[in-house]
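**Q** Let me give you the structure first, and then I'll get to my questions.
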Amino acid sequence: MAGGWKVDVALLADRVRRAVLEHTLDNDGGYMSQACSSAELLATLYGRFMNIGMPDRPIEPRPWLGTPRHGNTEYRTGADFNGGVHDARDRFILSPTHYSLVLYALLVETGRMSPQGMKQFNRDGSSVEMIGAEHSPGMEVMTGSLGQGLAQAAGMALGRKLKGASGRVVVMMSDGEFQIGMTWESIQFMAHHHLDNMVVFVDVNGQQCDGAVDSVMRIDPIDVRIRSFGARAAVVDGHDPAAIMKAGSRAPDGRPLFVLAMTDPCRGLDLMRKNAPKLHYLRFRTPQEKAGYKAVLDAWPKRGS
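Start counting the sequence shown at 1030; every next residue gets the next number (the numbering used here).
What follows is the structure in structure tokens.
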């Protein structure tokens, strides 16, 4: 396409933000700040960085088919939206599943999921869950309470290293997960086993459910702390696809790699700054407030324009 991959990724990120805003308006609430902060990061992963497969056609999500238990032959994960699992391809793990809405929007915008899938969001019996699980589109593990995704990804990476598989394990995390002890245990495990087939991208937007991260528990300097546990860490502008790509493409050297993407939770939607410091979930308090966001959406460039 004209303009090169960086322009394509930037346009994809903008479409994701718009799609999440549309969904938020239609459903009187949504995880909007996560879309604002992570759109370029996720768009870079799916649009350029990851070596994953592509389904033959946009997939209509299956209904919930039960838990992954012995005898449940109907059970499927959401990995098929990423082209399935293959030893030579990357596996993607979304650790903070409150970003699920953003991932679903991206899957639609990249032709991996049918647009009809968004209409199943948070419906009874649907696999398109608000807090995504292993059966949800684009996912293959249940990361549950925050902090569990990195540990599961580390186990996958170790298994791949032991069997000589060439594919990486790519993880997206949120910065609030560094308040959790399991995160640091996982980093020690990753460093001990030399899991340089892992690349972890962190959306450092400074926000969590209870407000600003620093007001709950300070985690800075994350990069220094990560290095002290035996991993590599790079700090980049999380809205710069080229910077994200460059940092994530460092040659393996025996250590797991963390890319700390510094982001703005109101990127592209300045109106939301009025809600600070509570930016975790956008819920309209008055009809007038909702009308203000609708006016922003109406002024947003339409897809393809």
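We treat Cβ as the ideally placed atom computed from N, Cα and C, and that holds for glycine.
Once DSSP output is grouped into helix, strand and coil, what is the label at Asp1266?
**A** The answer is strand: DSSP assigns Asp1266 an E or B state.
**Q** Where does the unbroken beta strand (DSSP E) through Leu1123 begin, and where does it stop?
**A** Residues Arg1120 to Leu1123.
**Q** With burial defined as no fewer than 16 other Cβ atoms inside 10 Å of the residue's Cβ, what is the status of Gln1317: buried or exposed?
**A** Counting Cβ neighbours within 10 Å, Gln1317 comes out exposed, since fewer than 16 surround it.
**Q** What residue does the alpha helix (DSSP H) around Phe1207 start on, and which one ends it?
**A** Taken as a continuous stretch (DSSP letters only), Phe1207 belongs to no alpha helix (DSSP H), as it is neither H nor E.
**Q** Distance, Cα to Cα, Arg1256 vs Ala1162?
**A** Arg1256 and Ala1162: Cα-Cα distance of roughly 31 angstroms.
**Q** Please report how far the alpha carbon of Asn1304 lies from the alpha carbon of Asn1080, in whole angstroms.
**A** Answer to the nearest angstrom: the Cα atoms are 38 angstroms apart.
**Q** Let me know the secondary structure DSSP gives Asp1232 once reduced to three states.
**A** Asp1232 falls in the strand class under three-state DSSP.
**Q** Please name the residue, chosen from His1222, Gly1235, Ser1244 and Gly1076, that lies closest to Gly1259 on a Cα-to-Cα basis.
**A** Ranking His1222, Gly1235, Ser1244 and Gly1076 by Cα distance to Gly1259 puts His1222 first.
**Q** So for Ser1278, helix, strand or coil by DSSP?
**A** Ser1278 falls in the coil class under three-state DSSP.
**Q** Entirely within the region 1117–1187 and at least 4 residues each: give me those alpha helix (DSSP H) ranges in chain order.
**A** You should have 1129–1138.
**Q** I'd like to confirm something about Leu1326: is its beta-carbon nearer than 7 angstroms to some heavy atom of the ligand ATP, or not?
**A** This structure lacks the ligand ATP; in fact it carries no ligand of any kind.
**Q** Can you tell me which of the three DSSP states Met1246 falls into?
**A** Coil.
**Q** By Cβ distance, which residues of its chain are closer than 7 angstroms to Ser1063, with the 5 residues on each side in sequence left out?
**A** Ser is not the amino acid found at residue 1063; the sequence shown has Gln there. Excluding positions up to five away in sequence, the list reads His1127, Tyr1128 and Val1131.
**Q** Please name the residue or residues paired with Ile1088 in a DSSP beta bridge.
**A** Per DSSP, Met1142.
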